[in-house]
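Engineer: Have a look at the structure that comes next, please.
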Amino acid sequence: MDNLEFGACHYSPDQEQHEFWMEQAMILAKDALNSGEVPVGCIFVYDEHIVAKGRNQVNMKKNATRHAELVAIDMLMEWCQMKNVGFNHVIKRSILYVTVEPCIMCCGALRHLQLGLVVYGCSNDRFGGCGSVLNVHADDLTSLGPPMKCIGGYFGDEAVSLLKHFYHGENPNTPCPKIKKKVHGDKIAS
Numbered sequence: 001m002d003n004l005e006f007g008a009c010h011y012s013p014d015q016e017q018h019e020f021w022m023e024q025a026m027i028l029a030k031d032a033l034n035s036g037e038v039p040v041g042c043i044f045v046y047d048e049h050i051v052a053k054g055r056n057q058v059n060m061k062k063n064a065t066r067h068a069e070l071v072a073i074d075m076l077m078e079w080c081q082m083k084n085v086g087f088n089h090v091i092k093r094s095i096l097y098v099t100v101e102p103c104i105m106c107c108g109a110l111r112h113l114q115l116g117l118v119v120y121g122c123s124n125d126r127f128g129g130c131g132s133v134l135n136v137h138a139d140d141l142t143s144l145g146p147p148m149k150c151i152g153g154y155f156g157d158e159a160v161s162l163l164k165h166f167y168h169g170e171n172p173n174t175p176c177p178k179i180k181k182k183v184h185g186d187k188i189a190s
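1 is the number of the first residue of the sequence shown in UniProt numbering; add one for each residue after it.
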C-alpha cells in the first residue's frame with residue numbers, strides 16, 4: 001500500500017502489516033466471545049506499536065457504552081498519561097484496527113478525536129458508522145472535525161464467523177420478552 005494520506009500519521013503499513021495488526025484485534029474478539037460478549041476487539045497502533053487495546057465489555061460492566069473502541073480509548077488515555085505524551089498528538093497519528101465496523105456512536109467519538117485511520121474487518125449492517133448505515137466518518141459534520149479515513153474488509157469473514165457464533169448462542173443479559181396476547185378484538189393484554 002502506498003503512503004496513506006490521513007491525519008498526521010507517519011506510519012504507512014502495507015497489506016501484510018494490516019493483516020498482522022488485524023490478527024491481534026481478532027485475538028481480542030475471540031476473548032470477548034469466550035467471555036460472553038459480542039466478539040469485537042480492537043487495538044490502537046502508534047509508531048508501529050500497540051499502545052492500547054479493547055474488547056467489548058458491555059455485559060461484564062452492564063454498561064451499553066463499553067464497546068471495544070471506547071474501552072481502548074480509555075486505555076490510550078492512560079498510556080498517554082503514563083508516557084507523559086499528549087493524547088491529541090498520539091490519536092491523530094494512530095491507526096485503529098477493529099474487527100467490526102465501528103457503530104455510529106464509536107465512529108462519532110473516533111472522528112471527534114481526529115483519529116488518523118480506522119481499519120476494520122466486517123461491515124456492521126445494523127449500526128455501522130463508516131458507511132454501512134451512516135457515513136459519520138465522512139459526512140459534512142463540522143462539529144465532529146475533519147473526515148476520517150476508513151478501510152474495511154480485513155479478516156471480514158473471520159469476524160462474521162465470530163458474530164454468527166455469538167448470536168447463535170444465548171445472551172444471558174438479554175431481557176425477557178413480553179409476549180402480548182390478543183384478548184378481545186383490538187385490545188392487547190400483557
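By construction, the Cβ of each residue, glycine as well, lies at the ideal position given by its N, Cα and C atoms.
Got a sec? Which residues, its chain only, sit under 6 angstroms from A138 by beta carbon, not counting five neighbours each side?
Structural biologist: Around A138: P147.
Engineer: In or out: T99 buried (at least 16 other Cβ within 10 Å) or exposed?
Structural biologist: It counts as buried.
Engineer: For E78, tell me which candidate among A109, C107, F44 has the shortest Cα-Cα distance.
Structural biologist: Closest option to E78, Cα to Cα, is F44.
Engineer: Among the residues of its own chain, which have a CB less than 7 angstroms from the CB of R111, if the five just before and after it don't count?
Structural biologist: Result list for R111: V136, H137, L144, G145, M148, in chain order.
Engineer: Thinking C-beta only, is I91 closer than 8 angstroms to L113?
Structural biologist: Cβ distance < 8 angstroms, so L113 and I91 count as in contact.
Engineer: With respect to the beta strand (DSSP E) encompassing K149, which residues constitute its N-terminal and C-terminal limits?
Structural biologist: K149 -> beta strand (DSSP E) spans 149 to 152.
Engineer: Could you tell me which of L33, L141, N34, H49 sits nearest to P13, measuring between CA atoms?
Structural biologist: Per the Cα distances, H49.
Engineer: What residue range is occupied by the uninterrupted beta strand (DSSP E) comprising H18?
Structural biologist: No beta strand (DSSP E) contains H18, which is instead part of the alpha helix (DSSP H) from 15 to 34.
Engineer: For G128, which residues does DSSP report across the bridge?
Structural biologist: Paired residue(s): C103.
Engineer: How would you label A159, buried or exposed, when you count the other beta carbons within 10 angstroms and need 16 or more for buried?
Structural biologist: It counts as buried.
Engineer: Straight-line CA distance for D47 to A29?
Structural biologist: Taking the straight line joining both Cα atoms gives about 23 angstroms.
Engineer: Taking only three categories from DSSP, how would you classify S94?
Structural biologist: Looking at S94 - three-state DSSP - the assignment turns out to be strand.
Engineer: Kindly indicate which three-state DSSP category R66 falls into: helix, strand or coil?
Structural biologist: Looking at R66 - three-state DSSP - the assignment turns out to be coil, as it is neither helix nor strand.
Engineer: Going by other Cβ atoms of all chains shown within 10 Å of its Cβ, with 16 needed for buried, is H165 buried or exposed?
Structural biologist: Counting Cβ neighbours within 10 Å, H165 comes out exposed, since fewer than 16 surround it.
Engineer: Would V40 and Q57 qualify as a contact pair, given that the criterion is a beta-carbon distance under 8 angstroms?
Structural biologist: Their beta carbons are not under 8 angstroms apart, which means V40 does not touch Q57 by this criterion.
Engineer: Do E37 and M60 have their CB atoms nearer than 8 angstroms?
Structural biologist: In this structure, M60 lies closer than 8 angstroms to E37 by Cβ.
Engineer: Output needed for V118: all residues of its chain with C-beta closer than 6 angstroms, excluding positions within five of it in sequence on either side, in chain order.
Structural biologist: Once the five neighbours on either side are set aside, the close Cβ partners of V118 are L96, C150.
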